[in-house]
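Heads up, the thing below is written out as structure tokens.
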Amino acid sequence: MLAFWKNSVNSLKLSSCMGNHTDSFCSAVTACLEAELSFPTEYVNNISWQEREHLFDLEFIQICWMCGWPYVIKADRPGPKVELLVVPVPSGKRYAGRPIYFSDVVVRRASPYRTFSDLQGSRWAYNEPRSHSGYNLVRYYLFCAGVGDGYFGRVVESGSHQRSLQMILDDQVDGSAIDSTVLDWEMRHHPEIRSEIRIIKTLGPSPAPPWVVSRSFSVDVRAELQNILLSMHKTERGRGVLAIGHIDRFVTAKNEDYEVIRAMARAGQRISL
């Protein structure tokens, strides 16, 4: 079956909708897959993440790392074309060896904000409206808090978690909910920001953004791809690649694991930021 698949396509294409900071990691994972499969494997990163997702929907890209909310939207369509492949377990004590992440509500350290309630009427940034950590989870939190629409004074779409963080540092907005793994990466590579920001609330945990695969592949092919990724932490080369992404290992997940995101979306849709 694998030989038939290799004869029917020119290359395996992989991409990420998780931000440019993941490119080096995803490129290294792609190289591992190519070595294990003995088949041309390409990491697509020369287009916007929106275009990458569109090409995945069209099955021109076969593997994609994406936010859990877009995943459940795709998985819940009639005749879904997507299936869970693996989920990363982030490195770090707060993740406790589980495939989870958080949404950290960040403000400038010099600001007067100490609690989430202090942010009522403030300037707020979210990364994009289909983000779970930056948008969906915030709406759900506001719903559970019993507040109505327009909690924040001014709301802007930044385009990415990194841009939201920079807007906070530049005092263009007062706060934002940042994917904890993105914030981890930024503080590792720019340690000076630790003294410039404050986390005043942590939302979550939520199931980690999954790596998904096109169902155009046979069950055998999907199983082979999954096995390679699940075994990466068992080899020296694989551990080195995982370390680039600050990932301990990949694990399996079930569609039901993302039911919490579906429930939050149903509740949160009643709230308009």
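Going letter by letter, the sequence shown gives residues -5 to 267 in my numbering. All C-beta atoms, glycine included, are put in the ideal place defined by N, C-alpha and C.
CA-CA distance, lysine 75 to glutamine 56, rounds to 10 Å. Between the stretch 88 to 100 and the stretch 164 to 177, the count of Cβ pairs shorter than 8 Å is three or higher; the stretches touch.
Non-local C-beta neighbours of glutamate 53 in its own chain, meaning closer than 6 Å and more than five positions away in sequence, comprise Ser208, Ser210, ordered along the chain. In this model, tryptophan 43 and glycine 13 are separated by some 8 Å (Cα to Cα). Annotated as distal: histidine 48 and valine 176, with beta-carbon spacing of 9 Å or more.
Within a 10 Å sphere around the beta-carbon of valine 38 sit 16 or more other beta-carbons, which makes this residue buried. CA-CA distance, serine 266 to isoleucine 255, rounds to 17 Å.
Going by DSSP, proline 64 is part of the alpha helix (DSSP H) stretching over 62 to 69. Per DSSP, the unbroken beta strand (DSSP E) holding aspartate 173 starts and ends at 169 to 173. Here tyrosine 95 is not near alanine 247, since their CB atoms are 9 Å or more apart. Between the stretch 219 to 226 and the stretch 18 to 32, the count of C-beta pairs closer than 8 Å reaches three or more; the two stretches touch.
By DSSP's assignment, arginine 102 forms a beta bridge with Ile191. In the DSSP annotation of this structure, the continuous segment of the beta strand (DSSP E) that includes alanine 119 starts and ends at 117 to 120. DSSP, read as helix, strand or coil, puts leucine 52 in coil. Contact check for valine 66 against glycine 239 fails: the beta carbons are separated by 9 Å or more. Following the DSSP letters along the chain, one finds cysteine 138 inside the alpha helix (DSSP H) bounded by residues 131 to 138. Gly262 is the residue among Gly262, Ser5, Ser32 whose C-alpha sits nearest the C-alpha of aspartate 143. Looking only at Lys195, Pro106, Gly147, the smallest Cα-Cα distance to glycine 115 is reached by Gly147. CA-CA distance, tyrosine 120 to alanine 139, rounds to 19 Å. Rounded to the nearest whole angstrom, the C-alpha separation of cysteine 58 and asparagine 249 is 16 Å.
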